[in-house]
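Working notes for the structure below.
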Amino acid sequence: MARRLRIVVAKAGLDGHDRGAKVIARALRDAGMEVIYTGLFQTPEQIVQTAIQEDADGIGLSILSGAHMTLFPLVLEQLRAQGAEDVVFFGGGTIPPDDAAALKKMGVQEVFTPGAPLQEIVDFVERECGKRALLSS
Amino acid sequence: MIERAPNEEAWKQASRAGALRKGPGSGAVDRTISDVALEPLYSPKDLSGLDYDRDLGYPGFYPYTRGLHSNGYRGRLWTMRQFAGFGTARQTNERYKFLLAQGQTGLSVAFDMPTLMGYDSDAPQARGEVGRCGVAIDSLADMETLFEEIDLGTVTTSMTINGPAAIALAQYVAAAERQGVSRSVLGGTVQADILKEYIAQKEWIFPPRPHMRLIVDMIRFCTDEMPRWNTISVSGYHIREAGSTAAQELAFTLADGFAYVEACIAAGMDVDAFAPRLSFFFNSHIDFFEEIAKFRAARRIYARHMRDRYGAKDPRSLQLRFHTQTAGCSATAQQPENNIVRVAYEAMAAVLGGTQSLHTNSMDEVHALPTEKSAEIALRTQQVLAYETNVANVTDPLGGSYFVEALTDEMEREAESYFAQIAEYGGVVEAIEAGFFQKEIAEASYRYQRSIEKKERVIVGVNAFEKEEDHADIELLRITDETEREQAAAVRRVRESRDVNAARATLERLQRACRDPKDNVMPHLIACVNAYCTEGEIVDAMVEVYGRYVERSVF
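Chains as they are written, first to last, in the numbering used here: chain A, 11 to 147; chain B, 12 to 566.
Pasting the structure below:
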C-alpha cells in the first residue's frame, strides 16, 4: 500500500497573506495527506531544510506580495544546493500569466493562480508527489 | 377574480407550491455568503420587536443606525480616497499628483512589505519585496519626497501601516514641519490597528502587550498635540480578506476597538478626550444587503457600548466613523473587466451603508498593482455613483426595509454572541494568544471555498460562464529590480550623510523611553526621524527592548 504523501506548505519572505496557504493546507489534509505548514516569514533556506527534515514529497509555496520572481528561484536554487531536486516544487498566488510561464520554464512544476479549483491542486499533488513517493518507498 | 393574499400564511403556502430554480448558484439561495439564513420574503412581522426611537432614531442622533449626519451626504459627500503606492517615493509622488488632479479628495499611502515589517530596503529580508506592493519609505528623506509639492496643511492623508505606525506618524509630522505646516493642523489617519494584525493580516513586529503600549502612547500624543488627526483606524477589512464572515468582521473589529478604548481608559485617559478621534475601516463585499446591514449594525452597537459600557458623554465619542474598501477577495483573475462591475455594486453598498470615505479597487489588482488607467476607472466609478445615480441624496434610503432591518438585527445578535465568547477568554489579547480568531477565520474561509468548489455559489467567470481564453490582455504595472537597487543605494546614502553620533543618541533615548512605562515614546521617535535614523534602525532598537512576536500557526 502506498504511504501517505507528505507536503510542506510554505510562506516565504515578508508576505503575511496566509488565507490561500491555509485553505490549500486544509484541502490537502482532507485529501488524506500529511501537511506541514511552515508558518510565516520563512527564508528559502529554511523552507528547503524543513522539506528535507520532514522527508516531504512536495513543497507548495504561496506568494501574494509580488516577490515571486525573486523567491521561487531562490527556493529552486536551495533545492539544488541541498540536493533535494526530487522534491516536487509547485506554488501559487497573485502571479501574472507571463511570470507563471517563466517560473515553469525555470523548473517550478506548476503555478496555480487565483481561481484555481482546489480539486485541481489536490489532483496535481496526488499525481506528481505520488510518483516521488513511489520511487522513494 | 383578482385576489389579495389574505395573510402571510396564505402567501407562504402559495410560495411553497412554486418550483425552485435549478442551475448555477441555486444551491445557496437560502443564505448569504456568510451563511446567514435568508427567508424568501420579509414582512411587517419581522419588525415587530423594532422600536424606532430606540433602535433606529434619526440620522445624526443616537443610536446613529441611520447615519452620523442629519443631512446625510447632502451636506458633504464621502471622501474618495484611493489607496496608492509603489516603487520609490518619487514614483508614488507622481501618482498622487495625478490622482489629486483627477479630483481625488484625499491621499492614502500603501507601503511596501519591508516598510510594513520594519526592515530597510537594503536588509536581506527585503530582497524581492522593495516597492512591490507599495512604496518603500526608509527614512524621513523618503517621506519628504513622497509629499513634495503637496500641501500637507490642506490635504488629508491616510497611512496604512501598523507595526511601525508610530514611526510613520513621526516621519509624517517631521515632513510636514519641514514644509512649515504645524502638527496641530494635520488631518488624516494612521491605521495603527495591531490587534487585527495578529488576527488576520500578520504584519506585526513586537508582541501584543508592548504594541498596545505604543498605541496608547500614540493616542495620548495625538490627543494632546494633533487634534485633527484620527489616531487609529480599527480595521475589519483584513479580517474579511483573510476569509471571515461579515458578522465576524463586524464583531472582531468592534471588539478590537473596545480593547483600545479599555487600554486608554486603563492608562488614565478620559474617554471623551480620545474617543472622538477613533475611526474604523470595513470591507464591502459582494453580498449587497448583508454589507449594508453590517454597516448599520456597526454604528448602533458602537454607540450603545460607548455610552453604556464606557460612559462616554460627548456625542462624537459615540459616532462610529468609517472608511470602506471594496473587497479585494471578491475580484477574479478570470475576465478581469468583470471586477469593474463587482466594485460598482460593492461601492453602492458602502454608500447606502453610510460610509465616510471609500476606496474602490481596480480591476487588475488580482494580478498586480493597478495601472494608471485602471485606477482612473475605479475613481470614476465613485464619481458616477456620487453624481449620477442619485443614491446619495436621501439619507439611509433602506431604513425601515423589512429585510434590511431584520438583517441589521441579526448582525447585531451575532456580534454580541462573539463578544461573549471573547470575554470568556478574558479579552482580545488573550483570545489572540489562544488562536481563537485565527481558527474561526480559517474555518469560515474553508467553508466558503468549499461552497464555491461545490458550485453552490457562483463566481462568474470562475466556476460558471467561463471562457477558454480568460486572461484578457490587460496591461499590467511592472515594478523592476531597479527600484530595489535604487532604494537600497538611497538608504545607504542617508546613513552616510547624517551626523552618526546625534542619530545614535536619539536611539538611546528612545530605548530608555521604551523601558519606562511613564514616558511617551512619540517625541523620542520624532527626534529619531529628524536625525535621519532609518526605520530599520529604529525598529531594531525597539526590538532589543520588546522582542519580536512569533505566531503559533493554525489551519
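Even glycine gets a Cβ: it sits at the ideal position worked out from N, Cα and C.
Selection from V98(A), M79(A) and D109(A) that minimises the alpha carbon distance to K141(A): Along the first sequence, one-based indexing puts residue 141(A) at 131. Ranking the options by Cα distance to K141(A), first place goes to V98(A).
Starting from the Cα of L89(A), find the closest Cα among A110(A), I57(A) and G76(A) and give me that residue. Locating residue 89(A) in the first sequence gives position 79, counting from the first residue. Residue I57(A) is the option with its Cα nearest to L89(A).
Whose Cβ in chain B lies nearer than 9 Å to the Cβ of S75(A)? For this step, residue 75(A) is matched to residue 65 along the first sequence. Neighbours of S75(A) on chain B, chain order: D123, M124, G139, E140, R143 and C144.
Environment of I470(B) [buried if 16+ CB atoms lie within 10 Å]: Counting from 1 along the second sequence, the entry for residue 470(B) is found at position 459. Counting the other CB atoms within 10 Å of its CB gives I470(B) a total of 16 or more, which places it among the buried residues.
Nearest to S246(B) (by Cα), restricted to the options A257(B), F232(B) and D267(B): To locate residue 246(B), count along the second sequence from 1; it is residue 235. Sorting A257(B), F232(B) and D267(B) by C-alpha distance to the C-alpha of S246(B) places D267(B) at the top.
Under 8 Å, Cβ to Cβ, is there at least one residue of chain A near Q498(B)? For the purposes of this step, residue 498(B) is taken as the residue at position 487 of the second sequence. No, its Cβ sits nowhere closer than 8 Å to a Cβ of chain A.
Tell me the residue span of the alpha helix (DSSP H) that contains L261(B). Start at 1 with the first residue of the second sequence, and residue 261(B) comes out as number 250. Note, L261(B): alpha helix (DSSP H), A257 to A277.
Where do the N-terminal and C-terminal ends of the alpha helix (DSSP H) with I226(B) fall, by residue? Counted from its first residue, the second sequence places residue 226(B) at position 215. Counting along the chain, the alpha helix (DSSP H) containing I226(B) begins and ends at P219 to E236.
Determine, using beta carbons only, whether L180(B) and A187(B) come nearer to each other than 8 Å. Numbered from its first residue, the second sequence carries residue 180(B) at position 169. Numbered from its first residue, the second sequence carries residue 187(B) at position 176. No.
Tell me whether F293(B) sits in a helix, a strand or coil according to DSSP, three-state version. As a first step, residue 293(B) is located in the second sequence; it is residue number 282 there, counting from the start. Residue state, collapsed to three classes: strand.
Going along chain B, which residues have a C-beta under 8 Å from A35(A)? Your numbering for residue 35(A) matches position 25 in the first sequence. Result: F566.
Inside the segment 380-436 of chain B only - beta strand (DSSP E) runs reaching at least 3 residues: If we require 3 residues or more, the segment 380-436 of chain B turns out to have no beta strand (DSSP E) run fully inside it.
Between the Cα of A137(B) and those of V19(A), G23(A) and R13(A), spot the shortest distance and give me the residue it belongs to. Looking up residue 137(B) in the second sequence gives position 126. When C-alpha distances from A137(B) are compared across V19(A), G23(A) and R13(A), the shortest belongs to G23(A).
So for G199(B), helix, strand or coil by DSSP? Walking along the second sequence from the start, residue 199(B) turns up at place 188. Under the three-state reduction of DSSP, G199(B) is assigned to strand.
Is any beta-carbon of chain A found at less than 8 Å from that of K450(B)? Taking the first residue of the second sequence as position 1, residue 450(B) is located at position 439. Among the CB atoms of chain A, none fall inside 8 Å of the CB of K450(B).
With a threshold of 7 Å (Cβ to nearest heavy atom), would R137(A) be considered close to the ligand PLP? Although the ligand PLP was asked about, the structure shown includes no ligands whatsoever.
Compile a chain-ordered list of the residues in the segment 101-131 of chain A whose CB is closer than 7 Å to at least one CB of chain B. Contact residues of the segment 101-131 of chain A toward chain B are T104, P106, P107, T123, P124, G125, P127, L128 and Q129 (C-beta to C-beta distance below 7 Å).
So what does DSSP say about R90(A), is it helix, strand or coil? By one-based count along the first sequence, residue 90(A) stands at place 80. R90(A) falls in the helix class under three-state DSSP.
Show which residues of chain A have a CB atom less than 7 Å away from the CB atom of H378(B). Within the second sequence, residue 378(B) is the residue found at index 367, counting from 1. By Cβ distance, chain A contributes T104 and P106.
Let's see if you can read the secondary structure: which residues bound the alpha helix (DSSP H) around M116(A)? Within the first sequence, the letter at position 106 stands for residue 116(A). It spans P107 to M116 - the alpha helix (DSSP H) in which M116(A) sits, taken as one unbroken run.
Interface flag, T60(A) vs chain B, CB-CB below 8 Å: Along the first sequence, one-based indexing puts residue 60(A) at 50. Output row for T60(A): interface = no.
What are the boundary residues of the beta strand (DSSP E) that includes L15(A)? Here residue 15(A) refers to the residue found at position 5 when the first sequence is read from its first residue. From DSSP, L15(A) is part of no beta strand (DSSP E); its letter is neither H nor E.
Is Y457(B) close to chain A, meaning its C-beta is less than 8 Å from at least one C-beta of that chain? For the purposes of this step, residue 457(B) is taken as residue 446 along the second sequence, with counting starting at 1. Chain A contact via Cβ: present.
Got a sec, what are the start and stop residues for the alpha helix (DSSP H) S132(B) sits in? For the purposes of this step, residue 132(B) is taken as residue 121 along the second sequence, with counting starting at 1. Looking at the DSSP string, S132(B) is not in any alpha helix (DSSP H), and its letter there is neither H nor E.
Return the CA-CA distance between Y560(B) and L74(A), expressed in angstroms with no decimal places. For the purposes of this step, residue 560(B) is taken as the residue at position 549 of the second sequence. For the purposes of this step, residue 74(A) is taken as the residue at position 64 of the first sequence. Approximately 22 Å, taken between the alpha carbons.
Should L50(A) be flagged as near chain B, meaning a C-beta pair shorter than 8 Å? Translated into positions along the first sequence, residue 50(A) becomes position 40. Closer than 8 Å to some Cβ of chain B, the Cβ of L50(A) qualifies, so yes.
Run down chain A in chain order and give the residues with a C-beta less than 7 Å from the C-beta of T491(B). Walking along the second sequence from the start, residue 491(B) turns up at place 480. Chain-ordered listing is empty here: chain A has no CB closer than 7 Å to the CB of T491(B), the nearest sitting near 10 Å.
Specify the secondary structure class of R42(B) as computed by DSSP and reduced to three states. Counting from one through the second sequence, the residue named residue 42(B) turns up at place 31. R42(B): strand per DSSP, three-state reduction.
With a cut-off of 8 Å, does the C-beta of R90(A) fall near any C-beta of chain B? Within the first sequence, the letter at position 80 stands for residue 90(A). So no, R90(A) is outside the interface.
Please list the residues of the segment 206-240 of chain B that have a C-beta atom closer than 9 Å to any C-beta atom in chain A, keeping them in chain order. Residues passing the 9 Å Cβ filter: E208, A211, Q212, K213, E214 and W215.
Mind listing the chain A neighbours of L331(B)? Cutoff is C-beta to C-beta under 8 Å, in chain order. Residue mapping note: residue 331(B) aligns to position 320 of the second sequence, counting from 1. None at all; the shortest Cβ gap to chain A is about 26 Å.
Beta carbon proximity, L38(A) to chain B, threshold 8 Å: The residue you call residue 38(A) lines up with position 28 of the first sequence. It does not; no Cβ of chain B falls within 8 Å.
Closer than 9 Å, Cβ to Cβ, to anything on chain A: give me those residues from the segment 24-48 of chain B, in chain order. If the cut-off is 9 Å between Cβ atoms, the segment 24-48 of chain B has nothing near chain A.
Chain B contact for L81(A) (CB, 8 Å cutoff): Position 71 of the first sequence, counted from the start, is the residue given in the question as residue 81(A). Closer than 8 Å to some Cβ of chain B, the Cβ of L81(A) qualifies, so yes.
Just to confirm my understanding: we take R77(B), look at its own chain, exclude 5 residues before and 5 after, and list those with CB closer than 6 Å. What are they? Here residue 77(B) refers to the residue found at position 66 when the second sequence is read from its first residue. Correct list, in chain order: L67, P70, D407 and G410.
Grab me the residues of M11(A)'s own chain with a C-beta within less than 7 Å of its C-beta, minus the 5 sequence neighbours each way, in chain order. Mapped onto the first sequence, residue 11(A) falls at position 1. Summary for M11(A): the model assigns pLDDT 48, below 50, so the residue's position carries little reliability; its value from the coordinates is reported in the next sentence. So the list is empty, once near-sequence residues are dropped.
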